[in-house]
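Working notes, structure below.
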Amino acid sequence: MNFDTGAILVLSGPSGAGKSSLIEKIKKEIEPYYFSVSTTTRPMRPGEIEGVHYHFVSEEQFKADMEADLFLEHAVVHGNYYGTSLKPVKQALAERRLVIFDIDVQGHDAVKRRMGDLTTSVFITTPNLAELERRLHSRATDSDEIIEKRIKMAKREIQRVSEFDFLLINDDLERASKHLIRIAKAARMKIPSEQISEFVRQWEEGSATFAC
Ligand code: ADP
Ligand code: 5GP
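Read in the working numbering, the sequence shown has 211 at position 145, and its numbers run on one by one without any break.
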């Protein structure tokens with residue numbers, strides 16, 4: 067019997083906490099994975115690439131995709147639309163990949179409801195609020211007004227940390243990466259509940275051959 071079905075790893079947390087930096091750092095260690103490229107209506111930042119960081123679309127296009135039911139989940143974050151396309155996620159799960167989402171707390175809630183115990187979630191944040199502000203300023207990709215919005219949002223998001231399986235404080239990038247690799251590997255080893263009863267049946271019969 068094989069429990070290697072593919073799994074979902076949701077990464078959430080304040081913008082500027084270091085989610086992208088962590089994904090970049092761990093990606094070689096967690097193959098085979100699929101990083102879900104979200105669709106957004108927010109303007110492209112300097113250095114961002116269409117199809118790599120996001121699919122950048124107009125509000126009109128986003129709404130048409132919503133109508134066509136193309137999203138696994140979608141939300142308004144900081145006044146812009148963001149959504150996760152369903153089709154590539156299904157495909158990646160069928161290929162038994164670890165599907166990684168960088169989505170907000172609303173997205174996490176929706177994915178958990180829809181994908182159940184295939185999902186493992188991590189809330190990633192800085193050691194404190196002041197460090198978050200420092201990182202947002204040093205990233206130098208957003209105006210002061212947008213940074214202020216992100217800080218306000220961060221104060222709200224942190225209240226929902228208990229909804230997550232893990233809390234990861236990204237103080238030292240090296241140390242946090244190591245923790246995240248362990249979590250990603252454990253996420254892969256979770257057994258989907260619909261497979262448990264089949265395993266028990268086969269185990270009692272003596273026909274199960276289970277290897278981790
Ligand atoms: P997010 O994807 O969560 O919005 P980023 O990965 O873009 O965050 O990181 C925000 C800024 O903080 C970037 O300038 C990045 O280089 C920096 N950064 C990330 N992790 C750390 C860390 N552990 N210590 C110091 N700076 C960090
Ligand atoms: P940013 O604009 O900094 O890239 O992302 C802003 C916020 O939107 C982050 O909290 C990020 O996790 C979230 N986000 C990015 N893509 C999606 C998505 O597809 N769905 C949801 N719900 N949130 C997303």
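Every residue gets a Cβ at the ideal spot worked out from N, C-alpha and C, and that includes glycine.
Note on the segment 115 to 170: whole beta strand (DSSP E) runs with a minimum of 3 residues are 137 to 143, 146 to 151, 164 to 168, in chain order.
Under the three-state reduction of DSSP, Ala196 is assigned to helix. Contact annotation: Val103 and His174 have beta-carbon atoms that are not nearer than 7 Å.
Not a single unbroken stretch of the beta strand (DSSP E) spanning 3 or more residues falls wholly within the segment 202 to 226.
The continuous beta strand (DSSP E) containing Ile235 extends over residues 232 to 235. For Ser78, the enclosing beta strand (DSSP E) covers residues 73 to 78. For the pair Asn146 and Thr207, the CB atoms are not nearer than the 7 Å cut-off. Judged by beta-carbon spacing, Thr150 lies beyond the 7 Å limit of Ala253, meaning their Cβ atoms are not closer than that value. Looking only at Gly82, Lys94, Leu136, Phe101, the smallest Cα-Cα distance to Ala73 is reached by Phe101.
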